[in-house]
Amino acid sequence: MTLNSFKFINKFREVRNLEIIESKSDIKRLSKDFYNYSPILTEKLDECIADLVVRPSDHKAVMEVAEICWEFSIPLTLRGSGTGNYGQAVPLFKGVVMQMSNFNNLEEFDPDTGFVKVQSGCVMGDLNKQLEKFGRELRLLPSTWKTATIGGFIAGGSGGIGSIRWGFLRDPGNLIGLEAVTVNEKPALLKFDAEESEPLNHAYGTNGIITSLLLSTDIKRKWYSIVIHCIEFEKTIEILKTLTSSAIDLKLGAILEEKIVDQMPKWFKTNPRGHKILIQSTLGGTKTIELICKKFKVEFTLLGEEEKLVNGISEVVWNHTTLHMRSRDKNWTYLQMLLPLNNELDLINFLRKKWGGGNSMAFRGSFSTRITAISCFACIKVEWDR
Ligand SMILES: Cc1cc2nc3c(=O)[nH]c(=O)nc-3n(C[C@H](O)[C@H](O)[C@H](O)COP(=O)(O)OP(=O)(O)OC[C@H]3O[C@@H](n4cnc5c(N)ncnc54)[C@H](O)[C@@H]3O)c2cc1C
Numbered sequence: 068m069t070l071n072s073f074k075f076i077n078k079f080r081e082v083r084n085l086e087i088i089e090s091k092s093d094i095k096r097l098s099k100d101f102y103n104y105s106p107i108l109t110e111k112l113d114e115c116i117a118d119l120v121v122r123p124s125d126h127k128a129v130m131e132v133a134e135i136c137w138e139f140s141i142p143l144t145l146r147g148s149g150t151g152n153y154g155q156a157v158p159l160f161k162g163v164v165m166q167m168s169n170f171n172n173l174e175e176f177d178p179d180t181g182f183v184k185v186q187s188g189c190v191m192g193d194l195n196k197q198l199e200k201f202g203r204e205l206r207l208l209p210s211t212w213k214t215a216t217i218g219g220f221i222a223g224g225s226g227g228i229g230s231i232r233w234g235f236l237r238d239p240g241n242l243i244g245l246e247a248v249t250v251n252e253k254p255a256l257l258k259f260d261a262e263e264s265e266p267l268n269h270a271y272g273t274n275g276i277i278t279s280l281l282l283s284t285d286i287k288r289k290w291y292s293i294v295i296h297c298i299e300f301e302k303t304i305e306i307l308k309t310l311t312s313s314a315i316d317l318k319l320g321a322i323l324e325e326k327i328v329d330q331m332p333k334w335f336k337t338n339p340r341g342h343k344i345l346i347q348s349t350l351g352g353t354k355t356i357e358l359i360c361k362k363f364k365v366e367f368t369l370l371g372e373e374e375k376l377v378n379g380i381s382e383v384v385w386n387h388t389t390l391h392m393r394s395r396d397k398n399w400t401y402l403q404m405l406l407p408l409n410n411e412l413d414l415i416n417f418l419r420k421k422w423g424g425g426n427s428m429a430f431r432g433s434f435s436t437r438i439t440a441i442s443c444f445a446c447i448k449v450e451w452d453r
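Per our numbering, residue 68 is the first one in the sequence shown, and the count goes up by one each step.
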């Protein structure tokens, strides 16, 4: 540790309402996120470890940390729960990691608009529980919603469960405003409306410390989970497109190719074998889904209300599919892409051919609204071969 680092640690010790983490093992753990899904990032980021981790619990502490970092030219990296996949929360040049998890209150709820103002370190699972009291729920959830923070989702995530109805986080209408602290000689707390917030949305905390967010919410519904079983892969896309253009409420629509299904946890491998379409809809919607399945001559299983299931299907969608596949074989990684509308299969087949097909590629797609159309957001699993 240099003389300069002793100086700045002492400065941090003077800040009220600031937890300081100095244990080497904790600092190492809190300097990492899920970048190890990428074999390239694993090599590049493994040695990147902060000097110190701090956890503020009020605005003043956030501003004082920003001021000290400015004064001593200390690199500052923000962290929610560290579940990002691209090293977004990794301190590239040492310095301080500021974890926002103690900054987690629901500040306001407006019953007329359904807008919620919440501090950035609030875990999405906890926020959803609090919103339930107002008969509301978050529109969009990453599959890591049980542990990830709302600030980390806005600054480093993209979409997830709910995207089939509400698109991506960056689509107008999801983020209504935010408050952020600047990092300069005299840090200030600034308030931004929806338009002004755009440059901070998905900026990885590089242009400000988000303290609070103003977000749209949805009416809380009981979501029922359904698995549709399909032998022909082509049919899965056709069926899901039919469902998205039907007059039913949907929270989730995802396709898992059989190769992915085979690597999911035991509880999910329901019979019959084959590709699966995973749906979350209301109880009313399930009647229409039954009708559509009949037309396509495919079977389906109604699992029940998602929240009451011991193992819900939220655990096997979006990037949780990669998580399960990697728990069996660490050579699996993934590529994210938005497939060209109505040419989804062509591109999938092209990639299969290009990468040799066989066992080295598998397909998982989640459907998302893109303002005027429903597109397939794909997460192609690829086996890393040096
Ligand atoms: C198994 C798995 C599944 C996933 N599924 C999804 C998914 O469905 N959809 C999706 O979008 N993502 C997904 N992710 C990525 C990630 O979990 C989410 O984006 C999550 O919302 C990130 O939240 P976090 O609190 O962990 O953020 P972190 O990883 O801690 O941070 C993310 C980024 O935000 C910045 N940041 C954090 N807090 C602040 C703040 N207060 N102010 C400014 N910047 C800040 C950090 O510096 C970092 O750049 C998945 C990851 C894994 C491992």
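Where is the CB? At the ideal position from N, CA and C, for every residue including glycine. All of these numbers come straight from a predicted model, not from anything done at the bench.
- Between the alpha carbons of ASN241 and SER283 lies a distance of about 5 Å.
- Contact holds between the segment 304 to 318 and the segment 217 to 236, because three or more Cβ pairs, one in each stretch, are under 8 Å apart.
- By the beta-carbon neighbour count (other beta carbons within 10 angstroms, threshold 16), GLY224 is buried.
- Restricting attention to VAL250, GLY218, GLU204, LYS287, the CA atom closest to the CA of PRO142 is found in VAL250.
- Here SER442 is buried. Its C-beta has 16 or more other C-beta atoms within 10 Å.
- With a cutoff of 7 Å, ASN195 does not count as near ligand 1, since its C-beta is closer than that to no heavy atom of the ligand.
- When only Cα atoms are considered, THR353 and LYS308 end up about 16 Å apart.
- Contact between LEU370 and ILE322 does not hold, since their C-beta atoms are separated by about 17 Å, which reaches or exceeds 8 Å.
- Check the Cα spacing between VAL384 and each of ILE327, THR349, TRP422: the tightest is with ILE327.
- The C-alpha of PRO158 is placed about 13 Å away from the C-alpha of GLY151.
- With three or more CB-CB distances shorter than 8 Å, the segment 121 to 132 counts as touching the segment 160 to 172.
- The residue among TRP137, HIS296, THR144 with its C-alpha nearest the C-alpha of LEU345 is HIS296.
- With respect to the C-alpha of SER187, the residue from LEU281, LEU205, THR389 having the closest C-alpha is LEU281.
- In this chain, the alpha helix (DSSP H) harbouring GLU199 covers 191 to 199.
- Distance check between HIS342 and each of ASN172, PHE367, ARG393 places PHE367 closest, using alpha-carbon atoms only.
- Distance between SER313 and ASN274, taken at the CA atoms: about 42 Å.
- Distance from ALA215 to VAL190 at the Cβ level is roughly 7 Å; contact confirmed, criterion being Cβ atoms closer than 8 Å.
- A residue is called buried when at least 16 other Cβ atoms come within 10 angstroms of its Cβ; GLY351 does not meet this threshold and is exposed.
- Closest by C-alpha distance to ALA445, out of PHE417, ARG419, ASN416, GLN403, is GLN403.
- Note on LEU205: 16 or more other CB atoms within 10 angstroms of its CB, so buried under the neighbour-count rule.
- Taking the C-beta atoms as reference points, LEU406 is found nearer than 8 Å to LEU414.
- The beta carbons of TYR291 and SER381 sit no closer together than 8 Å.
- DSSP, reduced to helix, strand and coil, places GLU357 within a helical segment of the structure shown.
- Taking the Cα of GLU357 as reference, the smallest distance to any Cα among HIS269, GLY149, ILE306, GLU374 is reached at ILE306.
- DSSP, reduced to helix, strand and coil, places GLU366 within a strand of the structure shown.
- For ligand 1, a non-hydrogen atom lies closer than 7 Å to the CB of ASN386.
- Excluding five sequence positions before and after LEU412, the CB atoms of its chain that fall closer than 7 Å to its own CB belong to GLU301, ILE304, given in chain order.
- Annotation for ALA156 indicates a beta carbon within 7 Å of some heavy atom of ligand 1.
- Secondary structure within the segment 141 to 171: the beta strand (DSSP E) runs of 3 or more consecutive residues, fully enclosed, are 143 to 146, 163 to 166 (chain order).
- DSSP lists no bridge partner for LEU414.
- In this structure, PRO209 has its beta carbon less than 7 Å from a heavy atom of ligand 1.
- Around the Cβ of ASN410, a 10 Å sphere holds fewer than 16 other Cβ atoms; the residue is exposed.
- In this structure, ALA247 and ILE277 form a Cβ contact; the two beta carbons are roughly 5 Å apart against a cut-off of 8 Å.
- Proximity of the beta carbon of PHE259 to ligand 1 is not indicated: no heavy atom of the ligand is located closer than 7 Å.
- Inclusion of TYR271 in the 7 Å shell around ligand 1 follows from its C-beta lying nearer than that to a non-hydrogen atom of the ligand.
- According to the DSSP assignment, VAL129 belongs to the alpha helix (DSSP H) that extends over 126 to 138.
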